[in-house]
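Visitor:
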Amino acid sequence: MPAGECLFCAIGAGEQPGHTVLSDDVAVAFLDTRPVFKGHVLVAPRAHVETLPDLPAEAVGPFFERVRSVAAAVEQGLEAGGTFVAMNNRISQSVPHLHVHVVPRNRKDGLRGFFWPRTRYDDPTEAESYALRIRAAFGPDH
1 MPAGECLFCA
11 IGAGEQPGHT
21 VLSDDVAVAF
31 LDTRPVFKGH
41 VLVAPRAHVE
51 TLPDLPAEAV
61 GPFFERVRSV
71 AAAVEQGLEA
81 GGTFVAMNNR
91 ISQSVPHLHV
101 HVVPRNRKDG
111 LRGFFWPRTR
121 YDDPTEAESY
131 ALRIRAAFGP
141 DH
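FYI, the numbering for the sequence shown is 1 to 142, going by the UniProt record's numbering.
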């Protein structure tokens, strides 16, 4: 996909403005324009892929090394108590280019747990039925 068709590719190519905090041959990281908290960074692979399953296996380690480095830099650089690190795949993914959110956190910062409601399994049998379906999706080699 040409950089002009993807906002994050265009930021990585320098064709669109962005407050870049890290840029190398693996990833580009820049401030989110609508941050949860100031200093909220998006880390995107330089190669255009839409979701985590689309990222080639050999690229996962190097990409997440960059995510790890950004999380450490956000915490240290902003003197944050920690970080919230998350990604969406398709649903709630506002730009169809894989990206990881690194959000600075501090105690009593107002963010309450996850952004979505929580539920419970009816019983251990129901929980195991979900686990079984997910395990089966890995295929016979796992």
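Glycine included, each C-beta is placed from N, C-alpha and C at the ideal position.
Alpha carbon to alpha carbon, how far is Val41 from Asn89?
Guide: Each residue's alpha carbon lies about 17 Å from the other.
Visitor: Are Gly39 and Val95 closer than 8 Å when you measure CB to CB?
Guide: no
Visitor: What would DSSP say about Leu52, mapped onto helix, strand or coil?
Guide: In the three-state reduction of the DSSP assignment, Leu52 falls in the helix class, which pools H, G and I.
Visitor: I need the DSSP call for Asp25, collapsed to helix, strand or coil.
Guide: Asp25: coil per DSSP, three-state reduction.
Visitor: Which same chain residues, not among the five before or five after Thr83, have their C-beta less than 7 Å away from its C-beta?
Guide: Correct list, in chain order: Ala71, Val74, Glu75, Val102, Val103, Pro104 and Arg105.
Visitor: How would you label Asp32, buried or exposed, when you count the other beta carbons within 10 angstroms and need 16 or more for buried?
Guide: Buried, because 16 or more other Cβ atoms sit within 10 Å of the Cβ of Asp32.
Visitor: Identify whether Arg90 lies in helix, strand or coil by the three-state DSSP scheme.
Guide: Arg90 falls in the coil class under three-state DSSP.
Visitor: Straight-line CA distance for Pro124 to Tyr130?
Guide: 10 Å
Visitor: To the nearest angstrom, report how far apart Leu22 and Leu78 are at their CA atoms.
Guide: 15 Å
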